[in-house]
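Novice: Next up is a structure, given as structure tokens.
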Amino acid sequence: MKGRAKTKADEIRFDNLRELGCIVCLNTMNVYTPPAIHHMDGKTKEGCHDLTIPLCQSHHQYKSNNSIWISRHGDGRAAFEKAYGTEQELLEQVNGMI
Ligand SMILES: [Zn+2]
Ligand SMILES: [Zn+2]
């Protein structure tokens, strides 16, 4: 999928998110896991690259079939937020850390 062009500031934000690691792994296990950048509101709107949180593959895309690894896309937003807090809360946490 082709997304909105990233500014220099967006690139810096993404670098910082990658350095932070998956926010769910950090919160639940206190470990660093290399993340993908999850866009909370798509990749095309103005400001979309600011609405981003770092999630590892297991917390982002994979369908887990268990209650330990709930993924945002694989298991859906409702299950994800029930387990780990809302995306908005995670976003605010992340923004306070980078
Ligand atoms: Zn994770
Ligand atoms: Zn995503």
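In our numbering, the protein residues as written are -4 to 93.
All C-beta atoms in this analysis are idealised placements derived from N, C-alpha and C, irrespective of residue type, glycine included.
Would H33 and L50 be called neighbours here (beta carbons separated by less than 8 Å)?
Specialist: Taking the first residue of the sequence shown as 1, we reach residue 33 at position 38. Taking the first residue of the sequence shown as 1, we reach residue 50 at position 55. Their beta carbons are under 8 Å apart, which means H33 touches L50 by this criterion.
Novice: Within the structure, which residues are defined as neighbours of ligand 1 by a Cβ-heavy atom distance below 5 Å, reported in chain order?
Specialist: C17, V19, C20, T28, C51, H54
Novice: Output the distance between the C-alpha atoms of A74 and P30, rounded to the nearest integer angstrom.
Specialist: Stepping through the sequence shown from its first residue, residue 74 is reached at position 79. Stepping through the sequence shown from its first residue, residue 30 is reached at position 35. Answer to the nearest angstrom: the Cα atoms are 20 Å apart.
Novice: Could you have a look at I7 and say whether DSSP puts it in helix, strand or coil?
Specialist: Position 12 of the sequence shown, counted from the first residue, corresponds to residue 7. In this structure, I7 counts as helix in the three-state DSSP scheme.
Novice: Output yes or no for whether 8 Å exceeds the beta carbon distance between M35 and T47.
Specialist: Within the sequence shown, residue 35 is the residue found at index 40, counting from 1. Within the sequence shown, residue 47 is the residue found at index 52, counting from 1. Cβ atoms of M35 and T47: closer than 8 Å.
Novice: Quick check: does the Cβ of R67 come within less than 7 Å of any heavy atom belonging to ligand 2?
Specialist: Here residue 67 is taken as the residue at index 72 of the sequence shown, counted from 1. Flag set: Cβ of R67 near ligand 2.
Novice: Sorry if obvious, but does the Cβ on H44 come closer than 7 Å to a heavy atom of ligand 2?
Specialist: Position 49 of the sequence shown, counted from the first residue, corresponds to residue 44. No; taking the cut-off as 7 Å, the Cβ of H44 has no heavy atom of ligand 2 nearer than that.
Novice: With distances taken from CA atoms, which of K58, S59, I7, G(-2) is nearest K38?
Specialist: Position 43 of the sequence shown, counted from the first residue, corresponds to residue 38. Cα-wise, what sits closest to K38 is G(-2).
Novice: Would the beta-carbon of I65 fall within 8 Å of that of N11?
Specialist: As a position in the sequence shown, residue 65 is number 70, starting the count at 1. As a position in the sequence shown, residue 11 is number 16, starting the count at 1. No, the Cβ-Cβ distance between I65 and N11 is not below 8 Å.
Novice: Determine the direct distance from the alpha carbon of I7 to that of L85, and round the result to whole angstroms.
Specialist: Residue numbering aside, residue 85 sits at position 90 when the sequence shown is read from its first letter. Residue numbering aside, residue 7 sits at position 12 when the sequence shown is read from its first letter. Cα to Cα, the separation comes out at about 19 Å.
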